[in-house]
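Residue 81 in the working numbering is what sits at position 90 of the sequence shown, and the numbering runs on without skipping anything. A short worksheet on the structure shown next.
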Amino acid sequence: MKGIVGKMVRMAKSIGYYVLQYGYSSLHGVLRFFKVQMQNWKKCGVQKRVHKAYSGLGAEIYALYKQGAGDWQNMPAVQQQLRQVEEVESGIFRVDQVIEEIDSAFKRKKEELKELYTEKRARLLAEERED
């Protein structure tokens, strides 16, 4: 009788480890989703700033064109607007990088959980074979 009860307990533990593994993986997936959404909202804000910087650059170039300035590429105002556009565009790349880091951290955590609970289930099987 002890053998059957022992097997049932080990089976329940094994099932519990599966539930914990997939439960924690799901929890981390939901957290990843919200983190990525927050970064996407930041990205939208940065994209609005990029559009404003582009319009500022275009307005500056058009004003110089209307004035008849021929060498507008070397004008200080245009150079300043170009630097602003580059700075704002780099913000988009930073947000993309953060999103990639979030995804890679999620994948690492998922693998860690899988390894942890696989090891625990293997120990249960080893205990079963000893009995």
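Think of the CB as a built atom: it goes at the ideal place given N, C-alpha and C, for glycine as much as any other residue. Note that the structure is predicted; figures quoted are calculated from it, not measured.
- Ranking Lys34, Lys(-2), Lys101 by CA distance to the CA of Val86 puts Lys34 first.
- Exposed is the label assigned to Gln71, since fewer than 16 other Cβ atoms lie within 10 Å of its Cβ.
- Where Ala68 is concerned, the enclosing alpha helix (DSSP H) starts and stops at 67 to 121.
- The DSSP-derived three-state label of Gly49 is helix.
- With respect to Val89, Gln30 sits close: the two C-beta atoms are nearer than 8 Å.
- Ala54 sits in a helix when the DSSP states are folded into three classes.
- Residue burial annotation: Tyr108 is buried, with at least 16 other C-beta atoms found within 10 angstroms of its C-beta.
- The shortest CA-to-CA distance from His42 to any of Glu80, Ala96, Leu104 is the one to Glu80.
- Under the Cβ criterion (8 Å, minimum of three pairs), the region 51 to 58 does not count as touching the region 90 to 107.
- Excluding five sequence positions before and after Gly82, the CB atoms of its chain that fall closer than 6 Å to its own CB belong to Val37, given in chain order.
- A residue is called buried once 16 or more other Cβ atoms fall within 10 Å of its Cβ, and Ala44 is buried on that count.
- When DSSP states are grouped into helix, strand and coil, Ala44 belongs to the helix group.
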